[in-house]
Each structure stands twice: as C-alpha cells, then as structure tokens.
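583 is the number of the first residue of the sequence shown in my numbering; add one for each residue after it. C-beta: ideal position from N, C-alpha, C; glycine also. Note that this is a predicted model, so its numbers are computed, not measured.
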Amino acid sequence: MANLKVYNIALKGLAIGKHDFDYQIGKQFFEYFDGGIAGDGRVEVKLELEKRSALMVLWFHVKGTVNIQCDRCLDLFDQPVESESKVFVKYGEEKFEEGDDVIWVSPGETHISIAKLIYDFIILSIPIKHVHPDDAHGKSLCNPEMLKRLNLLSVEVEPEEESAETDSRWDELKKLLDNK
Ligand SMILES: [Zn+2]
C-alpha cells in the first residue's frame, strides 16, 4: 500500500514565500491509482510552491517514464513523460467555478493532498498513441517475434481475398468473352 501522506502539504504554519518539494514516484504510487493505463513508472516531480497572502501558486514539473502496453506488439515499454502545470489554491467556503487550474480550500483545512493531481498530470502527458519508439536507426523497437507473427497473419489472410476477387472478375470477363 502506497504511503500517500508524503503528498500532503501542511497549510498551517506555511510561511509566505517560496517552498520546494521533491517526489520520487515509483510502482506503489501507480498501483494505488491503477487506472489501467500505467501500472508502473519512474517519475520525478518537482513542486515549486509560492504562498502569497490570499492564495498559493503551485508549479508542477513532471519528468520520467511510465510503463505502458504497446498497442502494436502488446509488450510493455517505458514511455517518456514530461509536463509542466500550474495550479492555484484559493481559500473560501464557497467553491466558485474558475476552471480546472483552481483548487478551493476551506479556511479551516489543515492540509491539501496533491497525490491525485500528480497522477493526473503524469497520465495526461502520455501520448494518445501507445507504440514502441524507433531506435537510432529508425527501426521499430517492437517485439520482433510478435511483429513477425502479425505480418504472417496479414500475409495469410490478404492473398486469399485478393485471389478470390480476381477469380470472380475473370469469371465475369470470361462470360463476356463467351457471349461474343
Ligand atoms: Zn511494440
């Protein structure tokens, strides 16, 4: 079970000014949130927090790799991720609609948890296409055995369909020729 308490930022006693936080995120963190996309990863998160009199500004710098499944060969691979995001924390009993980048905290709150925020930033920085990257020579890093099998499958299926089509076309042509 992941210990998410380290992702709680104490609000009481936090001095006005800038504060830096560092987090090393690993397997337990991904397993805790397990959204089915990334079950493992190595991500470094740097948080720069600036407390002002009426609000706080949080800059999240996310950099690392997440272990996801390749859509092409189905093997797991390490997808690099990187993002920078800014979030405002404002105090108020009422939560006003101000977009996704504002978190409302009631004045009596002792801490905020940023674990889910960090998870969302990581997941959002994964490209839509989950495919092994190419190596330095432009060759796909997909599992070669799996690609071979996929290629064999497509080779086995396609020619039969094509030849069947060709045959029927020949038949039509023959009929025309025979009629003449
Ligand atoms: Zn692949």
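When the Cα of Gln651 is compared with those of Leu732, Pro715, Asn585 and Ser667, which residue comes out closest? Locating residue 651 in the sequence shown gives position 69, where the first residue counts as 1. The option with the nearest alpha carbon to Gln651 is Pro715.
Whose CB is closer than 5 Å to a heavy atom of ligand 1? List the residues in chain order. Going by the Cβ distance cut-off, the answer is Cys652, Arg654, Cys655, His714 and Cys724.
From Lys565 to Tyr673, what does the alpha carbon distance come to, in whole angstroms? As shown, the chain starts at 583 and ends at 762. That puts residue 565 outside it, with no answer to give.
Evaluate Gly599 with the Cβ neighbour count: other Cβ atoms within 10 Å of its Cβ, from every protein chain shown; 16 or more gives buried, anything less gives exposed. Your numbering for residue 599 matches position 17 in the sequence shown. Exposed, because fewer than 16 other Cβ atoms sit within 10 Å of the Cβ of Gly599.
Does the region 709-724 come close enough to the region 647-661 to have 3 or more Cβ pairs within less than 8 Å? Output reads yes: the region 647-661 touches the region 709-724.
For the alpha helix (DSSP H) that Lys609 lies in, which residues bound it at each end? Within the sequence shown, the letter at position 27 stands for residue 609. For Lys609, the enclosing alpha helix (DSSP H) starts and ends at Lys609 to Phe615.
Identify the residues that DSSP records as bridge partners of Gly623: which are they? The residue you call residue 623 lines up with position 41 of the sequence shown. Gly623 pairs with Val648.
To test your reading of the DSSP string, which unbroken alpha helix (DSSP H) runs of 4 or more residues are found completely within the region 655-731? 697-706, all fully within the region 655-731.
Short check: CB of Ile694 to CB of Val687, under 8 Å? Stepping through the sequence shown from its first residue, residue 694 is reached at position 112. Stepping through the sequence shown from its first residue, residue 687 is reached at position 105. Yes, the pair counts as a contact, with Cβ atoms nearer than the cut-off.
Beta-carbon separation of Glu626 and Gly595 under 8 Å? The residue you call residue 626 lines up with position 44 of the sequence shown. The residue you call residue 595 lines up with position 13 of the sequence shown. Between Glu626 and Gly595, the C-beta spacing is not below 8 Å.
Helix, strand or coil for Leu631, going by three-state DSSP, please let me know. Counting from one through the sequence shown, the residue named residue 631 turns up at place 49. Note: Leu631 maps to strand in three-state DSSP.
Express the C-alpha separation of Val669 and Ala718 in angstroms, rounding to a whole number. Mapped onto the sequence shown, residue 718 falls at position 136. Mapped onto the sequence shown, residue 669 falls at position 87. Cα-Cα distance, rounded: 37 Å.
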